[in-house]
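To start, the structure under review is shown below, and the notes come after it.
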Amino acid sequence: MDAPRLEIDLDKIYHNAHELVVRCAKKGISVSAVTKATLGSVEIAATLLQAGVNELADSRIENIKSMRHTPIDRLTKEASMLLIRSPMLSQAAQVVMYADTSCNTEIAVIKKLSVEAQRQGRIHQILLMVELGDLREGIMPEDLLAIVREVLGLPHILLKGIGTNLACRSGVSPDSTNMAELSRLADSVEAKFDLRLDVISGGNSANLHWALSGKGTKIGRVNNLRLGEAILLGCETLKSQPIEGLHTDAITLVAEVIESKLKPTKPTGNIAQTAFGDAAPVMDRGSIRQSILAIGRQDVDCCGLRSPLG
2 MDAPRLEIDL
12 DKIYHNAHEL
22 VVRCAKKGIS
32 VSAVTKATLG
42 SVEIAATLLQ
52 AGVNELADSR
62 IENIKSMRHT
72 PIDRLTKEAS
82 MLLIRSPMLS
92 QAAQVVMYAD
102 TSCNTEIAVI
112 KKLSVEAQRQ
122 GRIHQILLMV
132 ELGDLREGIM
142 PEDLLAIVRE
152 VLGLPHILLK
162 GIGTNLACRS
172 GVSPDSTNMA
182 ELSRLADSVE
192 AKFDLRLDVI
202 SGGNSANLHW
212 ALSGKGTKIG
222 RVNNLRLGEA
232 ILLGCETLKS
242 QPIEGLHTDA
252 ITLVAEVIES
262 KLKPTKPTGN
272 IAQTAFGDAA
282 PVMDRGSIRQ
292 SILAIGRQDV
302 DCCGLRSPLG
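Start counting the sequence shown at 2; every next residue gets the next number (my numbering).
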């Protein structure tokens with residue numbers, strides 16, 4: 002077989018997804034499976050749906066389109082699809098065509114989605130994303146009610162709920178304080194406009210420790226999480242620690258060894274920066290067996306790899 006390649010164990014992905022669906026369900030939380038790392042793989046998408054996830058979520062409309070149009074499994078064609086990145090104006094037509102729901106923060110974009118939804122004769126659902134401290138995407142809390150008022154007046158747009166994203170740009174951890182604020186905002190929207198929000202999406206894999214840490218955790222209104230890394234890699238994302246009971250080896254990178262020689266660990270000659278701009282570490286550990294793989298930084302983030310046991 003050709004190398005480098007990824008070997009993906011669908012049974013292990015199924016186990017991880019199903020286990021998280023079951024654990025979250027005990028707290029009244031549904032799971033949207035994030036597929037952006039799998040580039041729209043319909044085989045993986047079908048596995049996730051079979052495991053019981055609520056919907057498929059991706060940051061690229063191209064991936065959602067691929068999952069819709071690859072006739073390998075009826076499940077992916079009929080599944081609910083969520084675009085988790087704020088839509089580009091230039092892709093509004095595709096977003097309405099292929100995604101049931103999209104995460105939004107800009108009223109100009111939502112108005113464009115409304116125009117496209119009218120043109121296509123569809124109802125497009127949106128989640129309004131709220132800024133709760135991580136400083137990535139999100140409507141400032143004090144502006145939320147005004148945005149909701151505008152959204153409710155747009156034809157062919159349905160406000161499905163609100164959500165937030167943490168532990169991303171700034172590494173702000175989900176906790177009882179910011180999750181309680183999300184619940185408070187949901188309550189305020191419902192009270193102000195006499196409506197019911199179906200989805201309160203608390204965040205991503207970083208939320209699992211907060212959501213599942215114990216019986217004393219107050220979930221509040223949060224009833225959805227968007228999980229990707231926890232399913233695919235079996236790890237939480239705050240400290241990249243394995244989640245008990247999940248597989249951490251569902252995806253394996255295979256590369257060929259193109260050189261294997263016994264070499265000294267201390268370089269010789271005048272030392273400057275390396276090819277990657279870092280200062281070369283100088284540590285004499287004697288001679289060791291050094292192997293070079295036919296893969297590099299152009300292909301993969303080496304810091305995200307773990308050597309297999311044995």
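For glycine and all other residues, C-beta sits at the position ideal for the given N, C-alpha and C.
Bear in mind that the values here come from a model prediction, so they are computed numbers and not experimental data.
When DSSP states are grouped into helix, strand and coil, Glu-245 belongs to the coil group. Taking C-beta atoms as the reference points, Ser-174 and Ala-168 count as a pair closer than 8 Å. For Asp-59, no alpha helix (DSSP H) run applies; the uninterrupted beta strand (DSSP E) run containing it begins and ends at 56-59, by DSSP. The stretch 156-170 and the stretch 122-138 touch, with three or more beta-carbon pairs separated by less than 8 Å. A contact is defined here as three or more CB-CB pairs under 8 Å, and the stretch 108-123 meets this definition with respect to the stretch 84-94.
The beta-carbon separation of Ile-232 and Ala-34, rounded to 6 Å, stays under the 8 Å limit for a contact. The residue from Leu-198, Ile-30 and Gly-41 with its alpha-carbon nearest to that of Thr-218 is Ile-30. One Cα belongs to Ile-289, the other to Gly-305, and the distance between them is close to 23 Å.
According to DSSP, residue pairing for His-210 in a beta bridge does not occur. Beta-bridge pairing by DSSP links Gln-291 to Lys-262. Looking at the DSSP output, Asn-225 sits in a beta bridge with Ser-31 and Ser-202. The DSSP-derived three-state label of Asn-166 is coil. Restricting attention to Asn-105, Leu-83, Ile-108 and Glu-257, the CA atom closest to the CA of Met-98 is found in Leu-83.
Taking the Cβ atoms as the reference, Gly-203 lies roughly 7 Å from Thr-165, within the contact range of under 8 Å.
Straight across, the Cα-Cα distance linking Asp-300 with Lys-193 is about 50 Å.
A distance below 7 Å between beta-carbons, with the five flanking residues on each side excluded, links Val-255 to the following residues of its chain, in chain order: Ala-4, Pro-5, Arg-6 and Glu-8. Only exposed fits Cys-303, as fewer than 16 other CB atoms lie within 10 angstroms of its CB.
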